[in-house]
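Single-structure report; data block below.
Number of protein chains: 2
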Amino acid sequence: MLPTEEKLDPRVKRTRGLILQSFGDLLAEKSFDAISVQDVAEKAQINRATFYAHFEDKYALLDHSIRQGFMQEIENRMLNACHYTPDNLRTLIITVCEFLAQLGTDCAQSQRQFEPLVEKQVKLQVYELLTLWLSKMNVNISTEIPATVAAWAIYGLASYWSHSKKRPALEKFVDQALPLVSVNLEQFAQVA
Amino acid sequence: MLPTEEKLDPRVKRTRGLILQSFGDLLAEKSFDAISVQDVAEKAQINRATFYAHFEDKYALLDHSIRQGFMQEIENRMLNACHYTPDNLRTLIITVCEFLAQLGTDCAQSQRQFEPLVEKQVKLQVYELLTLWLSKMNVNISTEIPATVAAWAIYGLASYWSHSKKRPALEKFVDQALPLVSVNLEQFAQVA
DNA sequence: TTGGATAAACAACAACTGTTGTAAAATTTA
DNA sequence: TAAATTTTACAACAGTTGTTGTTTATCCAA
Numbered sequence: 016m017l018p019t020e021e022k023l024d025p026r027v028k029r030t031r032g033l034i035l036q037s038f039g040d041l042l043a044e045k046s047f048d049a050i051s052v053q054d055v056a057e058k059a060q061i062n063r064a065t066f067y068a069h070f071e072d073k074y075a076l077l078d079h080s081i082r083q084g085f086m087q088e089i090e091n092r093m094l095n096a097c098h099y100t101p102d103n104l105r106t107l108i109i110t111v112c113e114f115l116a117q118l119g120t121d122c123a124q125s126q127r128q129f130e131p132l133v134e135k136q137v138k139l140q141v142y143e144l145l146t147l148w149l150s151k152m153n154v155n156i157s158t159e160i161p162a163t164v165a166a167w168a169i170y171g172l173a174s175y176w177s178h179s180k181k182r183p184a185l186e187k188f189v190d191q192a193l194p195l196v197s198v199n200l201e202q203f204a205q206v207a
Numbered sequence: 016m017l018p019t020e021e022k023l024d025p026r027v028k029r030t031r032g033l034i035l036q037s038f039g040d041l042l043a044e045k046s047f048d049a050i051s052v053q054d055v056a057e058k059a060q061i062n063r064a065t066f067y068a069h070f071e072d073k074y075a076l077l078d079h080s081i082r083q084g085f086m087q088e089i090e091n092r093m094l095n096a097c098h099y100t101p102d103n104l105r106t107l108i109i110t111v112c113e114f115l116a117q118l119g120t121d122c123a124q125s126q127r128q129f130e131p132l133v134e135k136q137v138k139l140q141v142y143e144l145l146t147l148w149l150s151k152m153n154v155n156i157s158t159e160i161p162a163t164v165a166a167w168a169i170y171g172l173a174s175y176w177s178h179s180k181k182r183p184a185l186e187k188f189v190d191q192a193l194p195l196v197s198v199n200l201e202q203f204a205q206v207a
């Protein structure tokens, strides 16, 4: 993965910042599928070959961008410093729902490549967080399968909610959704 | 979607058959990401512009191919003529696991575009099948959320199993997996 | 301060994509 | 059977991608 930012050559830092900023600006203007590497390089005012020195292709750029953006949401809510409780699980479900709503993912044809990549990164991070939480619970049970099921269920629910035409209130939706996820994690719940 | 095959111009039928056959042959030779529309057209011995008359791009071709392939597996097991029971659910989970294993999906870099598309189509079909099953159960509960959670959980489990380095025996794995899915569908189980 | 190392710019290349208008071939319809 | 319609082939076009070797600019370390 990328080296820590503290040890970066300032030119690398500046160029990556330009790329990510331009990419974000372009995403606000048009759909991901309509954006070309050429577009990003031009907006960032760098050479196209320089883009390829930093990112393999535009999909790698999106992966990085989404991962960073979702990580920020997790850190803002200090979810990465938590352990498993139903309340934390509830907050996590809300976070994913809000993140997808804010991205404006929809089924538009022009978004065909965008959503699967968002999904992959967010699911992975949710899985990693759940695994971190569950492994703190001092329960001698493998976390892999429960964390997998919970992560996929959370994303599936969030995707369903963000795609709903008449979107129910998020709090109410999460009231319905939470039991379907927590039921498989009860064995990790701390005895109070 | 495509009109029924009975009413097709024979040239369309022939051309589509050539495209799908050639695509299947190419998938046996190299990864999806390495296959170009040019490759498929050459192997099918059709003009590249004719390819575009039938499929929007190679992703649409893959969507179609996967949907058809998985549909065949469902029909072979007559799962589309069933209603919800834990045994049928078990068979469905096994079907998805075997389908993914047979496709040889892995995390190879060269498969980056393949797996998300497979996932999307298979999840959708699993969701549609579950919705069909649950709606036959004469239970006055909305099927949408339970079917969503179950479909995503099934695919997540199958993906996890097919990616496992030391893959456990499928029967044993499904023994572990089934309760995590069925727990959310118990309200639809028929009172015997 | 200077030399070495690294990052970025540049031009060029081959390949592929997606599209278009025209022509030929094949099928359908009357 | 012949005309109409549809499908496919074709060539051409503009655009983008991914890569490469060379040059220039910038940073780091001694």
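Sequences listed follow chains A and B, in order. Position one of the first sequence corresponds to residue 16 (the working numbering), numbered consecutively onward. Position one of the second sequence corresponds to residue 16 (the working numbering), numbered consecutively onward. Cβ atoms here follow ideal geometry from the backbone N, Cα and C, with glycine treated the same way. Since this is a predicted model, take the numbers as computed values, not measurements.
Inset, instruction - List the residues of chain B whose Cβ lies closer than 7 Å to the Cβ of A/Lys135, in chain order. - result: Pro131
Inset, instruction - Taking only beta carbons into account, state which residues of the region 57 to 82 of chain A come closer than 8 Å to chain B, listed in chain order. - result: Tyr74
Legend entry - Same chain, Cβ closer than 7 Å to A/Asp216, neighbours up to 5 away in sequence not counted: Limits of chain A in this structure are 16 at one end and 207 at the other, which puts residue 216 of chain A out of reach.
Inset, instruction - State buried or exposed for B/Ala96, treating a residue as buried only when at least 16 other CB atoms are found within 10 Å of its CB. - result: Under this definition B/Ala96 is an exposed residue.
Inset, instruction - Report the neighbours of A/Thr163 on chain B: residues whose CB is nearer than 7 Å to its CB, in chain order. - result: Gly171, Leu172 and Tyr175
Legend entry - Buried or exposed (CB count within 10 angstroms, at least 16 for buried), A/Ala64: Exposed, by the Cβ-count rule.
Inset, instruction - Run the CB neighbour count on B/Asn199, radius 10 Å, all protein chains shown included, and call it buried at 16 or more, exposed below. - result: Taking every protein chain shown into account, the CB of B/Asn199 has 16 or more other CB atoms within 10 angstroms, so this residue is buried.
Legend entry - Neighbour flag for A/Arg226 against chain B, beta carbons, 8 Å: The question about residue 226 of chain A has no answer here: the residues shown for chain A are numbered 16 through 207.
Inset, instruction - Kindly give me the distance between the Cβ atoms of A/Val164 and B/Gly171, rounded to whole angstroms, as I take these residues to be in contact under 8 Å. - result: 6 Å
Inset, instruction - Compare the C-alpha of A/Glu130 against each of A/Gln36, A/Ala173 and A/Leu149 and name the closest. - result: A/Ala173
Inset, instruction - Under 9 Å between beta-carbons, which chain B residues line up against A/Arg182? List them in chain order, please. - result: Within chain B, no residue comes near A/Arg182; the closest Cβ sits about 13 Å away, beyond 9 Å.
Legend entry - Interface partners of B/Asn199 on chain A, CB under 8 Å: Scanning chain A for C-beta atoms nearer than 8 Å to the C-beta of B/Asn199 yields Leu195 and Val198, reported in chain order.
Inset, instruction - Give the DSSP-derived three-state secondary structure of B/Phe203 in the structure shown. - result: helix
Legend entry - Alpha-carbon to alpha-carbon, B/Arg92 and B/Leu144: 13 Å
Inset, instruction - Out of B/Trp148, B/Val133 and B/Ala75, point me to the one whose CA is closest to B/Leu107's CA. - result: B/Trp148
Inset, instruction - Give me the Cα-Cα distance between B/Leu115 and B/Ser177, rounded to the nearest whole angstrom. - result: 6 Å
Inset, instruction - Under 8 Å by Cβ, that's how I've got B/Val196 and B/Ile169 pegged, so tell me the actual separation to the nearest angstrom. - result: B/Val196 to B/Ile169, Cβ: 6 Å. Contact.
Inset, instruction - Measure the Cβ-Cβ separation of A/Gln126 and A/Ser37 and say whether it is below 8 Å. - result: no
Inset, instruction - Determine the DSSP secondary structure at B/Asp24, reduced to helix, strand or coil. - result: coil
Inset, instruction - Return the CA-CA distance between A/Pro25 and A/Gly32, expressed in angstroms with no decimal places. - result: 10 Å
Legend entry - Closer than 8 Å to chain A by CB, B/Ala168: yes
Legend entry - Any chain B beta carbon closer than 8 Å to A/Ala49: no
Inset, instruction - Entirely within the region 33 to 102 of chain B and at least 4 residues each: give me those alpha helix (DSSP H) ranges in chain order. - result: Look at the region 33 to 102 of chain B and you find these whole runs of alpha helix (DSSP H), each 4 residues long or longer: 52 to 59, 63 to 69 and 73 to 91.
Inset, instruction - Could you check which residue in A/Lys151, A/Gln117, A/Val111 and A/Pro161 has the C-alpha nearest to that of A/Gln140? - result: A/Val111
Legend entry - Sequence-distant residues of its chain with Cβ nearer than 7 Å to B/Leu17 (five each side left out): Bear in mind that the predicted position of B/Leu17 carries a pLDDT of just 48, short of 50, making it unreliable; the figure below should be weighed with that in mind. Within the same chain, B/Leu17 has no close Cβ partners at all.
Inset, instruction - Could you tell me if A/Ala166 is buried or exposed, where buried requires 16 or more neighbouring beta carbons within 10 angstroms of its beta carbon? - result: buried
Inset, instruction - Tell me where the alpha helix (DSSP H) around B/Ala184 begins and ends. - result: Per DSSP, B/Ala184 belongs to no alpha helix (DSSP H) and is neither H nor E.
Inset, instruction - Return no unless some Cβ of chain A is closer than 8 Å to the Cβ of B/Arg105. - result: no
Legend entry - Residue span of the alpha helix (DSSP H) that contains A/Ser157, given as start and end: Element bounds for A/Ser157: n/a, residue is neither H nor E.
Inset, instruction - Kindly list the residues whose CB is nearer than 8 Å to the CB of A/Arg105, restricted to its own chain and excluding five residues on each side of it in sequence; keep chain order. - result: Val189 and Leu193
Inset, instruction - Please classify A/Gln241: does DSSP put it in a helix, a strand, or coil? - result: This structure gives no information on residue 241 of chain A, because the portion of chain A shown stretches from 16 to 207.
Legend entry - Collapsed DSSP secondary structure at A/Gly119 in the structure displayed: coil
Inset, instruction - If I'm right that A/Asp70 touches A/Val137 with Cβ under 8 Å, what's the distance once you round it to whole angstroms? - result: Sequence check: residue 70 of chain A is Phe here, not Asp. In fact, because the Cβ distance is near 19 Å, the residues do not count as touching under 8 Å.
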